[in-house]
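J.: Structure in structure tokens, see below.
Chains as they are written, first to last, in this note's numbering: chain A, 1 to 448; chain B, 449 to 896.
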């Protein structure tokens, strides 16, 4: 059973992972801020994605393109014309609905019915509403030009394809990866950080010879599933769902969603699409530039096809937290524990003096200052030791170092494991290496 | 002599650090995209800033607040009323100028003169132009509410101050740090990535008891100068410039700029301001919430004063690259080399087979795959060895591993240093540890 959303939201607020944005002014729709542990966790997610894309393989390069791009981008990509939701109003209850979501919506007068099902409903014709945020660039509004906040990071990659061919010494098959914010003026936001108007994407466009597209599509389905399970997500809560032909975007010949069993049920965590040559051809036509690959040796010339694994950084955070959330009982008390993969954990090690006297805080302080040279660490001397363990368990800290009276005699400490609760005595001198060794070890969720 | 901007821009484009955004559509003002090495470098800059703020000390916590905040934020902060540039038009040449920059601008008809200095000029009265980008949130434009892209990340911190007091277990003196994009609809952009409409900030607000403000202001001046010099910036190109009283923002009782000698001359790299209690009081008044600290033990109650080190991530990248840029002569040829601190270098180590035969590429490939488990590495087998060294020098790779015929016999390789050009033979088995050991060593620029 996945954790309930309420429990997760409550933990996130209480421990400063994620909370409502602009709260002192009453909040702003489905807008959230990441707090201390949330930033550390999300930074780990993003750095591990970069690691998988850039460091552990040699066929992908990085990009960080601007959020506000030339407006022609969105005309060429089809977003200006087609990135819309059809909205209908009810003249009776004054509510507004997405026409394609009527069957999931509730009538304002009779909430047990859908809009349009009751006599009371008086729905307007649908109007198309573009989801792109619009703004004006330049010094004076009336003369400025209209620009858009990007609704996806992918187009910035296509715009730069030619540049990378010229300067990156790469040729197909190769990929361009990017992490960054995107913005969609959604009418239906909600479910905490699952769907926000402002969100962070981790997208990679992999350019391949057309004949190899299917093979690489399969490759990326497998790679991306492995990334999540390798970071501890339970395979039983992941599934791959191929889109039906009538569900496919106009540009895609095949798309599969990696779905995770969130507290709201199985929902999209990442989409992997075979976009064919749609995007490069669209921008070639609009810009008048040749966006194709020419093999210098053979003279072969083609427009590469594109395989796109597109992940949401916020959804990844939500999935990792949902998956890690657990409650167990220790000494008759319920313990909340985040069984995060150690590489994802915001804090790797906590250093705790057993008591706040007898030189223990001083020694623990020394150990803490040595460990923080290597990893994100915390020092905590406040309250009963059991309570301090719980605090760390709740934020997912995999190891706790406890300094006790024996530590002052023999220069050892206990090293406690969050999941097994095993406590080992370890020499202070080798503590840093021991933590780093454990961090490098393969890890498997005790819940898997 | 700092490198010229032209040389830097050319290297940045050629090697894919930074280049014009939306170039296939003719670009978009002063908008730039970061390419592969640029992303790696900037990620290192940001991660090292986080490290200095969060990992190496225990009095700062992190935040990542939304770009689009409640619009009341900007009314309370004073940005809606006061974050403006005064613009004047010339009715003759149709150019537009910042009234406060007339003395640095050129007349459209007689470029040797300033606007207003010639008989030809016919300047309008100044009009105030707000620098915030405006957009509309919500499903239908005419009913939506106007919101703004944040012009600074700092206000998101003040909005969350109370939340952090409640949940972070911190009390003054403590800081909240944030990295993220900000947007300013500047009329005067330019100088490459020095001033862009969309840019990334690294800001920290440090909340202190009022009586300690001056001491902490001095502390942060010193800390931030040390951060740059510790990462290799030449002290001779850094200076601290205290703002004159008439230069101070209305909220600040003291501000100093850390200025770096960019190719355009000494200019602001980071500002460190004593903001007093201006911001917390403004948001307390606007929100009706008490934004103050109450000491649970003594009952003491005060509005903390705020010391703010506000750095630009893009300017930091520009400073690190400018400072690292060097040209020297090797074997009669001019070499371009980026003498970046190894922790900043996009690639830590390149692995090169001396020749593309005799089993050398296979062994080099093995070594490369082992090293990339630890650090960002590159494999390159294309072209003469001297040319491959130059390629790595130009992107700042501190070390190159060369596999030669001896390597296949005795399992050693040469390890070449980018700056000293020294080549040492190192056992393949200890290579990974040797690189990591060198990365941990203190480093000093050979140019310092």
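The C-beta atom is built at its ideal place from N, Cα and C for all residues, glycine as well.
Looking at C-beta atoms only, is the number of pairs between the stretch 505-515 of chain B and the stretch 624-631 of chain B that lie closer than 8 Å three or more?
T.: With a cut-off of 8 Å, the stretch 624-631 of chain B and the stretch 505-515 of chain B count as touching, because enough Cβ pairs lie within range.
J.: Any beta carbon of chain A sitting closer than 8 Å to that of residue 789 of chain B?
T.: Taking Cβ atoms only, chain A never reaches closer than 8 Å to residue 789 of chain B, which makes this a no.
J.: Are any of the Cβ atoms in chain A nearer than 8 Å to that of residue 520 of chain B?
T.: It does: the Cβ of residue 520 of chain B has a partner Cβ on chain A nearer than 8 Å.
J.: Helix, strand or coil for residue 455 of chain B? Go by DSSP, reduced to three states.
T.: Reduced to three states, the DSSP call for residue 455 of chain B is helix.
J.: Using a beta-carbon distance below 8 Å, is residue 840 of chain B in contact with chain A?
T.: No, no contact with chain A.
J.: Within 10 angstroms of its Cβ, does residue 312 of chain A collect 16 or more other Cβ (buried), or is it exposed?
T.: That one is buried.
J.: Terminal residues of the continuous alpha helix (DSSP H) containing residue 160 of chain A?
T.: Taken as a continuous stretch (DSSP letters only), residue 160 of chain A belongs to no alpha helix (DSSP H), as it is neither H nor E.
J.: Taking the alpha-carbon positions, what's the residue 217 of chain A to residue 663 of chain B distance?
T.: Those two C-alpha atoms are separated by around 59 Å.
J.: Identify each residue in the stretch 12-32 of chain A for which the Cβ-Cβ distance to at least one residue of chain B is less than 8 Å, and report them in chain order.
T.: Hits within the stretch, in order: 13, 14, 15, 16, 19, 21, 22, 23, 24, 25, 26, 27, 28, 29, 31, 32.
J.: Say whether chain A places a C-beta atom closer than 8 Å to the C-beta of residue 741 of chain B.
T.: So, not an interface residue.
J.: Buried or exposed: which applies to residue 649 of chain B, given that a residue is buried once 16 or more other Cβ atoms fall within 10 Å of its Cβ?
T.: Buried, because 16 or more other Cβ atoms sit within 10 Å of the Cβ of residue 649 of chain B.
J.: Grab the span of the alpha helix (DSSP H) containing residue 809 of chain B for me, first residue to last.
T.: Here the alpha helix (DSSP H) through residue 809 of chain B covers 808-819.
J.: Would you please state the rounded distance, in angstroms, between the beta carbons of residue 467 of chain A and residue 473 of chain B? I believe it to be under 8 Å.
T.: Given that chain A is displayed from residue 1 to residue 448, the structure contains no residue 467 of chain A and the question cannot be resolved.
J.: For residue 646 of chain B, count the other beta carbons within 10 Å of its own beta carbon; 16 or more makes it buried, fewer makes it exposed. Which is it?
T.: Result: buried.
J.: Starting from the beta carbon of residue 512 of chain B, find every residue of chain A whose beta carbon is closer than 8 Å, and list them in chain order.
T.: Simply 33, 34, 38, 39, 42.
J.: 8 Å is my cut-off, CB to CB: does residue 506 of chain B come that close to chain C?
T.: Checking the listed chains, one finds no chain C in this structure; the protein chains it contains are A and B.
J.: When the Cα atoms are used, what is the spatial distance from residue 599 of chain B to residue 795 of chain B?
T.: Looking at the two C-alpha atoms, the distance is approximately 33 Å.
J.: So is residue 509 of chain B in contact with chain A if we call contact Cβ pairs under 8 Å?
T.: Cβ-Cβ to chain A under 8 Å: yes for residue 509 of chain B.
J.: Is there a C-beta anywhere in chain B that falls below 8 Å from the one on residue 379 of chain A?
T.: Interface residue, yes.
J.: Could you work out which residues of chain B lie near residue 67 of chain A, taking near to mean beta carbons separated by less than 7 Å?
T.: Going along chain B in sequence order, the residues near residue 67 of chain A (Cβ under 7 Å) are 629, 646.
J.: Beta-carbon separation of residue 203 of chain A and residue 154 of chain A under 8 Å?
T.: Taking 8 Å as the Cβ cut-off, residue 203 of chain A and residue 154 of chain A qualify as a contacting pair.
J.: Pop quiz: residue 380 of chain A and residue 345 of chain A are said to be a contact at Cβ under 8 Å. What is the actual Cβ separation, rounded to whole angstroms?
T.: The Cβ separation is near 15 Å, so there is no contact.
J.: Cβ closer than 9 Å: which chain B residues qualify as neighbours of residue 50 of chain A?
T.: Within 9 Å Cβ-Cβ: 487, 488, 491.
J.: Identify the contact partners of residue 649 of chain B in chain A, using a Cβ-Cβ distance below 7 Å as the criterion.
T.: Per Cβ cutoff of 7 Å: no residues; residue 649 of chain B is ~14 Å from chain A at best.
J.: Starting from residue 156 of chain A, find everything on chain B with Cβ-Cβ shorter than 9 Å and list it in chain order.
T.: Chain B residues near residue 156 of chain A: 469, 470, 481.
J.: Among B/576, B/526, B/502, which one has its Cα closest to the Cα of residue 537 of chain B?
T.: Out of B/576, B/526, B/502, B/576 has the C-alpha closest to the C-alpha of residue 537 of chain B.
J.: Let me check understanding here. Comparing Cα to Cα, which of B/708, B/727, B/895 lies closest to residue 700 of chain B?
T.: The option with the nearest alpha carbon to residue 700 of chain B is B/727.
J.: In terms of DSSP beta bridges, what is residue 307 of chain A paired with?
T.: For residue 307 of chain A, which the question treats as bridged, DSSP gives the partners A/206, A/274.
J.: Quick check: what's the CA-CA separation for residue 769 of chain B versus residue 712 of chain B?
T.: Cα to Cα, the separation comes out at about 14 Å.
J.: Taking Cβ-Cβ distances shorter than 9 Å, what residues in chain A pair up with residue 610 of chain B?
T.: Near residue 610 of chain B (Cβ distances below 9 Å), the residues of chain A are 23, 24.
J.: Can the beta-carbon of residue 44 of chain A be found less than 8 Å from the beta-carbon of residue 343 of chain A?
T.: Contact: yes.
J.: Would you kindly report the start and end of the unbroken beta strand (DSSP E) that includes residue 629 of chain B?
T.: 622-631 is the span of the beta strand (DSSP E), which, as asked, contains residue 629 of chain B.
J.: Could you tell me whether the Cβ of residue 226 of chain A comes closer than 8 Å to any Cβ of chain B?
T.: No, its Cβ sits nowhere closer than 8 Å to a Cβ of chain B.
J.: When DSSP labels each residue in this structure, what does residue 803 of chain B get in the three-state scheme?
T.: Here residue 803 of chain B sits in coil by DSSP.
J.: Of the residues that make up the stretch 279-309 of chain A, which ones have a beta carbon closer than 7 Å to any beta carbon in chain B?
T.: Here the close residues are 283, 287, 289.
J.: To which residues does DSSP link residue 247 of chain A through a beta bridge?
T.: For residue 247 of chain A, which the question treats as bridged, DSSP gives no partner whatsoever.
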